[in-house]
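*Asks:*
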Ligand SMILES: NC(=O)c1ccc[n+]([C@@H]2O[C@H](COP(=O)([O-])OP(=O)(O)OC[C@H]3O[C@@H](n4cnc5c(N)ncnc54)[C@H](OP(=O)(O)O)[C@@H]3O)[C@@H](O)[C@H]2O)c1
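In UniProt numbering, the protein residues as written are 1 to 315.
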């Protein structure tokens, strides 16, 4: 797929985002030559949407790739995220990210999680404690006027927390970045966000490649002469979500840029994979019974995540 044929989504502020981006979470925190090489390769292959985060610790390596690529800044859609420990100071945190990335602005600044982290006491703040995500969001709204970010959005927000946010927001988030793949399709969240013109961005969109042996996805892949990843990513874009697969392998990166046509029947099959016994789950472990009913200091109820016993999500 050439650069111009990567589909784009229009955001609620009129700006456009390439539907396919390169994810930069490498599994471990830190700058590395591998990150720079991955982003450089991605830019050479035609990716123009880059997803990183302050928490990934690799903004310097991403910035280095952007500089070395010679791709004009105006062609890029660069995303980074506000970490939980910086909820009380997004302006300062964004400036640090810009300095590390060595750019004047990002295209999108996301609140990485709704929870604030109190680093001085090594604990997550409760939802009612200051800085609440509403207070943080109001500070993020001010960042758009500074020109240091073109758009703002959220990540890991449920319908419950979006409802609270939207009641208090002057700016509607352009996107909500959440875990999405056929084992965690979050259909209700997708329809809620669509009805409010909030684009959902799918993280872990190839399910960390855990679908490689899934018979349902394999059957479609074989029938379409495509890879499992292509089936999953095409489903993601077809249902109206942006996708940010991570890959350090050029063949995978190329494959992930090449969407295939899926008809309504294929879409329905993939929409229903999570109804198969034991198939409704997270691949990241965030929505998981292993965490004892909470994630990063908040209960599933506070996060607005609907869980059944055993970590299997309500269908
Ligand atoms: N907002 C958040 O809280 C949050 C949380 C998690 C992730 N994210 C973002 O989402 C991005 C993607 O999520 P993710 O890294 O968790 O999962 P992912 O993109 O679903 O999966 C990445 C894994 O799949 C493999 N892979 C990718 N394309 C493949 C292909 N075509 N064929 C075979 N294997 C393939 C990669 O291996 P190879 O490198 O070997 O190809 C890697 O091991 C992250 O990098 C990050 O930017 C955001």
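By construction, the Cβ of each residue, glycine as well, lies at the ideal position given by its N, Cα and C atoms.
First and last residue of the alpha helix (DSSP H) that includes residue 69?
*Replies:* Within the chain shown, the letter at position 69 stands for residue 69. Per DSSP, the continuous alpha helix (DSSP H) segment holding residue 69 begins and ends at 59–69.
*Asks:* Taking contact to mean at least 3 C-beta pairs separated by less than 8 Å, is the stretch 97–117 in contact with the stretch 140–158?
*Replies:* yes
*Asks:* Can you give the Cα-Cα distance for residue 166 and residue 172, rounded to whole angstroms?
*Replies:* Numbered from its first residue, the chain shown carries residue 166 at position 166. Numbered from its first residue, the chain shown carries residue 172 at position 172. If I take the Cα positions, the gap works out to 7 Å.
*Asks:* Please tell me whether, using a cut-off of 6 Å, the distance from the CB of residue 255 to the nearest non-hydrogen atom of ligand 1 is below it.
*Replies:* By 1-based counting over the chain shown, the position of residue 255 is 255. True, at least one ligand heavy atom lies under 6 Å from that Cβ.
*Asks:* Just tell me which of 145, 208, 247 has its CA closest to the CA of residue 24.
*Replies:* On the chain shown, position 24 is the one that residue 24 refers to. The candidate whose alpha carbon is nearest that of residue 24 is 247.
*Asks:* Who does residue 81 pair with in a DSSP beta bridge?
*Replies:* Here the question's residue 81 lines up with position 81 in the chain shown. In the DSSP output, where bridge partners are listed per residue, residue 81 has 110.
*Asks:* Might you give, ordered along the chain, the residues of its own chain that have their beta carbon closer than 7 Å to the beta carbon of residue 85, omitting 5 neighbours on each side?
*Replies:* Locating residue 85 in the chain shown gives position 85, counting from the first residue. Only 117, 119 meet the Cβ criterion.
*Asks:* Considering residue 300, what are the terminal residues of the alpha helix (DSSP H) in which it resides?
*Replies:* Position 300 of the chain shown, counting from 1, holds the residue named residue 300. Run containing residue 300: 300–303, per the alpha helix (DSSP H) assignment.
*Asks:* Flag residue 120 as yes when its Cβ comes closer than 6 Å to any non-hydrogen atom of ligand 1, and as no otherwise.
*Replies:* Taking the chain shown and counting its residues from 1, the one referred to as residue 120 is at position 120. It does not: the Cβ of residue 120 is nowhere closer than 6 Å to a heavy atom of ligand 1.
*Asks:* Please confirm whether any heavy atom of ligand 1 lies closer than 6 Å to the CB of residue 229.
*Replies:* Taking the chain shown and counting its residues from 1, the one referred to as residue 229 is at position 229. Checking the Cβ of residue 229 against ligand 1 gives yes.
*Asks:* Report the rounded CA-to-CA distance for residue 27 versus residue 55, giving the unit in angstroms.
*Replies:* By one-based count along the chain shown, residue 27 stands at place 27. By one-based count along the chain shown, residue 55 stands at place 55. One C-alpha to the other measures close to 11 Å.
*Asks:* Going along the chain, which unbroken runs of the beta strand (DSSP E) with 3 or more residues stay wholly within the stretch 184–262?
*Replies:* Counting whole runs of 3 or more residues, the stretch 184–262 contains the beta strand (DSSP E) stretches 199–203.
*Asks:* Consider the C-beta atom of residue 10 and the heavy atoms of ligand 1; say whether any pair is separated by less than 6 Å.
*Replies:* As a position in the chain shown, residue 10 is number 10, starting the count at 1. Incorrect: residue 10 has no Cβ contact closer than 6 Å to ligand 1.
*Asks:* From the DSSP output, read off the bridge partner residues of residue 149.
*Replies:* The residue given as residue 149 occupies position 149 in the chain shown. Note: residue 149 sits in a beta bridge opposite 106.
*Asks:* What number of angstroms, rounded off, separates the C-alpha of residue 100 from the C-alpha of residue 212?
*Replies:* Here the question's residue 100 lines up with position 100 in the chain shown. Here the question's residue 212 lines up with position 212 in the chain shown. The straight-line gap from Cα to Cα measures roughly 36 Å.
*Asks:* With DSSP as the reference, please indicate the residues paired to residue 121 in a beta bridge.
*Replies:* Here residue 121 refers to the residue found at position 121 of the chain shown. In the DSSP output, where bridge partners are listed per residue, residue 121 has none listed.
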